[in-house]
Structure formats: structure tokens, C-alpha cells
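When the letters of the sequence shown are read in order and numbered with my numbering, they come out as residues 531 to 1050. First comes the structure, then the notes that go with it.
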Amino acid sequence: MAFNDLLKQLGDIGRFQQIQVTLVILPLLLMSSHNTLQNFTAAIPTHHCRPPAHANLSEDGELEAWLPRDRQGRPESCLRFTSPPWGFPVANGTEANSTEATEPCTDGWIYDNSTFPSTIVTEWDLVCSHRALRQLAQSLYMVGVLLGGTIFGCLGDRLGRQKMLILSHLQMAVSGVCAAFAPSFPIYCTFRLLSGMAASGIVLNSVTLNLEWMPIHTRAHVGALAGYVFSLGQFVLAGVAYAVPQWRHLQLLVSVPFFAFFIYSWFFIESARWYASSGRLDLALKALKRVAQINGKQDEGAKLSMEVLQSSLQKELTLGKGQASAIELLRCPTLRHLFLCLSMLWFATSFAYYGLVMDLQGFGVSIYLIQVIFGAVDLPAKLVCFLVINHLGRRPAQLASLLLAGICLLVNGLIPQDQSIVRTSLAVLGKGCLASSFNCIFLYTGELYPTMIRIVTAFLPETLGYPLPDTMQDMKNRWAPTQRGAGTYPRRRGRPQRRQQEQQKQMVPLQASARERNGL
């Protein structure tokens, strides 16, 4: 496509691409921290009922006398005796009734603060009958992610990627800091929902902005780099959470850096591809000239003019005049097919991934250790995914990662609970496969959807080597079934060099015969 040729003329992967991609991806280092932050800020320490105020706790064994035991001999977390069955005297000197009747923890709980000195659970007593409120806080964060994907994705297509990154960074900084100072649980949940919205805005517009400024052959590399930064963020979270166990301090620490991201995002160069697809050719020309200057290609930049861009990007300007919307994804059968398949992929990957990573305490080992292990497994998994994406294509990588993840999780469900090492190993392997799936689906979505709306694997077309679609018509023309039969997709461009040479050899006699027919 013409735009890809322009990028190559202006420096390919020059200084501009290196600097902007790095700065755009850097906030992703803390995005994984916010996604799984509640593993630490909402950790549930060991706890038991607080005895009634009239209990005489000065006697040895008095506290244990109020606590019934479970089958493992541990104190019950949510029940206490109405009176000690051992007959200890209470504070007023009278003998307590020796009954074994129990009651809920009406006087609150006593928490073991050795590992987690302070969490939202201990501060607002989100245990026992209120335990569901803990999951509610994380659920509202994920609702924010859904809303943010819809709102900031659409606004990014209308107003530009840079503007949405600026807004999303500011919203993440403000909402994260406010959550750290929330005086009540409802207010905390409100700011967590806003943080979820900002997280979607940052991820979607970061990926899109990077893809639209990079040449075709580098997109998989950029996707892999973003994935590795996200994985490194899991190591960062484990270290920071271990060093700062108080939940308010931890929440504040992972939120304040977004003020810095907000400041420097003002200096990003908006996507020239988005400018052209929006019909703002003057701004596209200005952006391209600035890129040429940063890349040291002033001579190439001087050759650019409105006339050159109009001739080079004629298709984008012609087809991009009509304002497209996400509704187009449901109107056209071809786009509807892609939309439904991608939606299923996003749901399956996200549902399984967050189901694993949001219950680290359930593995029965140190929460900090399992956080590090979950981050470490991403490194080889994403390397293998990158190699498959680059050499075999997106579809095999997506299919294999989800298939392996599904097998690991299904087998894990059949393993007895007492075999914790086997269950943890399968969960770690499944998590690595799901992380690879995320890497692939982010790249896949950006490559399949056109610039104007860029928000079941076996039925998706391959995108290896294809330029990004800019308009709805691009998408319809490229992925619509051809006359060769339903479900047959056009061959990809930019295939490996050996195949390109074979194709060129085959085209020579065809071109010669075409010239003969035309009398040339």
C-alpha cells in the first residue's frame, strides 16, 4: 500500500519510531499491575471472630475457647461459640454456659497481619457474609475495562489516538490516586471502575498508534515487545507489593507514574494514517514531514507535498470520506463474520486468563512466588508465539495457544485437590498459553479491522504480510469470499522471500501473454 511505502521512504524504523514506540509502550509496564492489583490490595489474611467485649482474654486459652474448629482443626473464620464450652469465667465473674452453640462474628474479626498488614478486606471487613463485595470490586474494574473499550475505542477513531492516550493517562492517574485515599468501599469501587476504563483506553490506543506508525514487516516485533513489557510488569508488581504491603501505599505507588505518562504523551505525533483516513491531509503531511525530520530524512520530507499525498493516498482519501462506525461490523456479512469470531476469541482468552490470575491465593503457595512464576512463564511462551507468528502466521499461533490453554485447564480440573504441585504446574502452563493468545489477538485485531474503526480462530483469515486496512471497503474487498469458493480468502502479500520469487517467476509468462493480447 502507498502509506507503507511512505514510511519506508521516511526512515522505515528510524529514530522517531524507536522513541515513540518505547514511550507509548512504557505505561504497559504498570498496566499489568492495575489489572491484577487486587491480588495484593484485596488479599484475605487468616482471620477469626473477635470474642465479645465481656470476654476475659487474660486467661490462658480463653481466646481459643471462643473459636470452634473446622475439620482440619483450624479455627473457624466466620463462627464463634455463643459462650465458651470450657466454662471460663467472663469479665463480670460469672461462669459461662458450657454450650456449643455458634453465632456469626457480630463483634468483627481479628486478622493475621504478618503477611498483609493492611488490605481493603481488613479495612472494610470484606469476609464471611461480605466476602462477595471483594469480588464486586474486581468485577467493577472489569466492567470499566468493557466500557472503556467501547467509549475510548470509538473516541479514538473519531478524535484521534493521541488525544485518547492523553485523556486515558490522566484518568488512570487521578482515579488511581483517588482510590488510594478512598474513605469508603463504594467510593473505592467507583474509582476502580474509572481505572478500568482508563486501562482499556491506554491499551487500545497504544497498540493502534504503534501499529499505524510501523512498516508491515515490523508489526509482529512491536506486538511481541508490548507483550514482554506487560509480562515484566508482573515482576514489578510482585517486587513492589512485597516491599510495600500496605494497600493504600501500593495503590498510590502504581498510580502516580501515570502523571508522568500524561505529560509526555502530549509530545506524541498523531497517526498520519488516521489523519489521511479522516480526510485531514494537511495534518497528515505535517506529521509525515516531522517524522522525516526526526529520522534524518529531510530530503525525502522535502519531496512531500499535498499533490504527492493526494496521488499516493487517493484511495484512502476517496473511500475515507464516508464516516464509518462500529455498526458497519454488523451490517456487512463479511465484517460480521470477523467481528463475531474476534469477539469469541477475546471472551475466551480474557475469561480464562483473569480466572487464573485473579485467584493467586488459591494455589496454596506464597502469593509473591506465584506472581513471579506467572510472569516468568510468559517469557518463553511469548517467544515461541512470536516465532510462530512471524514464520507460520497469526492463525496457527492463535489456534495453538488457545488449544493448549484449554487442554491444560480442562486436565487441571480433573486433578485431585491434594496434588497442588501438579495443579499449579498445569495452571502455570495454561497461563503462558493464554498470555501468548493475548499477544496474538491484539495483533490480529489491529490488522483485521480498518483504521476508521480499529478498536473462532479456524474461521479467521491469515494476515501475515498484509498491510493494514484503512477503510471499510478495504476490509470488505480483502476478506470477502472470492469466486474461487465460499470461505476462500485472497492470498497474502509480503510472504517469505522464497515464495515471492516463485510467484514472480510464475507471473512473467502471464504478463507477456497479456501484453501480446493488448497488441503491445
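Cβ coordinates follow ideal geometry from the N, Cα and C atoms, glycine included.
Answer with buried or exposed for residue i, where buried requires no fewer than 16 other C-beta atoms within 10 angstroms of its C-beta.
| i | result |
| --- | --- |
| Asn-643 | exposed |
| Met-874 | exposed |
| Arg-599 | exposed |
| Arg-861 | exposed |
| Gln-840 | exposed |
| Trp-796 | exposed |
| Gly-683 | buried |
| Ile-971 | buried |
| Asp-812 | exposed |
| Arg-604 | exposed |
| Arg-1060 | What the structure shows of the chain is the stretch from 531 to 1050, and residue 1060 is not part of that stretch, so it cannot be assessed. |
| Lys-912 | buried |
| Ala-595 | buried |
| Gln-602 | exposed |
| Phe-533 | buried |
| Ser-613 | buried |
| Leu-922 | exposed |
| Gly-838 | Correcting the residue identity first, residue 838 is Val in this sequence and not Gly. It counts as exposed. |
| Gln-949 | exposed |
| Phe-646 | buried |
I'd like the list of long-range same chain contacts for residue i, defined as Cβ closer than 6 Å, with 5 residues on each side in sequence excluded.
| i | result |
| --- | --- |
| Ala-930 | none |
| Gly-706 | Ser-725 and Ser-785 |
| Tyr-974 | Arg-924 |
| Ala-822 | Leu-540, Glu-830 and Gly-831 |
| Asn-569 | Leu-890 |
| Pro-1020 | Caution applies to Pro-1020, whose pLDDT of 46 falls short of 50 and renders its modelled position unreliable; the value that the coordinates give is listed next. Within the same chain, Pro-1020 has no close Cβ partners at all. |
| Leu-932 | Ser-967 |
| Phe-916 | Ala-754 |
Pull up the DSSP beta-bridge partners for residue i, would you.
| i | result |
| --- | --- |
| Thr-864 | According to DSSP, which records beta bridges pairwise, Thr-864 is partnered with nothing at all. |
| Leu-834 | In DSSP, Leu-834 forms no bridge with anything. |
| Thr-1084 | Absent from the structure is residue 1084, since the part of the chain shown begins at 531 and ends at 1050. |
| Arg-599 | Pro-605 |
| His-578 | Ile-640 |
To which residues of the same chain is residue i closer than 7 Å at the C-beta, ignoring the five residues directly before and after it?
| i | result |
| --- | --- |
| Ala-882 | Ala-935, Leu-939 and Leu-964 |
| Val-774 | Leu-780 and Leu-783 |
| Pro-926 | Val-918 |
| Asp-542 | Pro-745 |
| Leu-677 | Met-727 |
| Ile-732 | Pro-557, Met-561, Leu-695, Ser-698, His-699 and Met-702 |
| Gln-547 | Trp-743 and Met-744 |
Rounded to the nearest angstrom, what separates residue i and residue j at their Cα positions?
| i | j | result |
| --- | --- | --- |
| Asp-908 | Val-766 | 14 Å |
| Ser-955 | Asp-655 | 33 Å |
| Ala-736 | Leu-723 | Checking the sequence, you will find Ser at residue 736 rather than Ala. C-alpha separation (whole angstroms): 20 Å. |
| Phe-877 | Ser-967 | 12 Å |
| Leu-527 | Arg-820 | Missing from the structure shown is residue 527; the chain here goes from 531 to 1050 and no further. |
| Gln-947 | Arg-953 | 8 Å |
| Met-836 | Leu-815 | 7 Å |
| Gly-638 | Cys-579 | 6 Å |
| Arg-610 | Cys-635 | 7 Å |
| Pro-557 | Thr-576 | 34 Å |
| Asn-920 | Lys-961 | 22 Å |
| Ala-662 | Ser-607 | 15 Å |
| Leu-818 | Lys-538 | 12 Å |
| Val-657 | Val-651 | 7 Å |
| Ser-1043 | Leu-872 | Summary for Ser-1043: the model assigns pLDDT 46, below 50, so the residue's position carries little reliability, and this model does not support an answer. |
| Leu-536 | Asp-687 | 22 Å |
| Leu-990 | Ala-728 | Residue placement at Leu-990 is flagged as unreliable, the pLDDT there being 45, under the threshold of 50; a coordinate-derived value is accordingly withheld. |
| Arg-545 | Ser-659 | 57 Å |
| Arg-664 | Leu-597 | 24 Å |
| Leu-666 | Lys-827 | 53 Å |
| Leu-959 | Arg-810 | 47 Å |
| Thr-987 | Tyr-794 | Only weak support is given to the placement of Thr-987: the predicted model assigns it a pLDDT of 39, under 50, and the value that follows is read from those uncertain coordinates. One C-alpha to the other measures close to 38 Å. |
| Ala-709 | Glu-653 | 14 Å |
| Phe-869 | Asn-969 | 18 Å |
| Thr-738 | Thr-680 | 15 Å |
| Val-902 | Ala-806 | 44 Å |
If you drop the 5 nearest sequence neighbours on each side, which residues of the same chain put their C-beta closer than 8 Å to that of residue i?
| i | result |
| --- | --- |
| Leu-559 | Val-759, Phe-760, Leu-762, Gly-763 and Val-766 |
| Val-551 | Asn-740, Trp-743, Met-744, Val-752 and Leu-755 |
| Ala-957 | Leu-886, Phe-893, Cys-938, Leu-939 and Asn-942 |
| Met-888 | Thr-566, Gln-568, Asn-569 and Gln-668 |
| Val-770 | Ser-563, Leu-780, Leu-783 and Val-784 |
| Tyr-772 | Tyr-898 |
| Ile-1052 | What the structure shows of the chain is the stretch from 531 to 1050, and residue 1052 is not part of that stretch, so it cannot be assessed. |
Do three or more CB pairs link the segment 783-790 to the segment 801-808 at distances below 8 Å?
Cβ pair count under 8 Å is below three, so no.
Is the segment 695-710 touching the segment 660-672, taking contact as three or more C-beta pairs under 8 Å?
Counting C-beta pairs with one atom in each stretch, the segment 695-710 and the segment 660-672 have fewer than three that are closer than 8 Å, which means they do not touch.
Stretch-stretch touch, CB-based, cutoff 8 Å, three pairs: the segment 711-724 with the segment 755-769
The segment 711-724, when compared against the segment 755-769, does not touch it at the 8 Å Cβ threshold.
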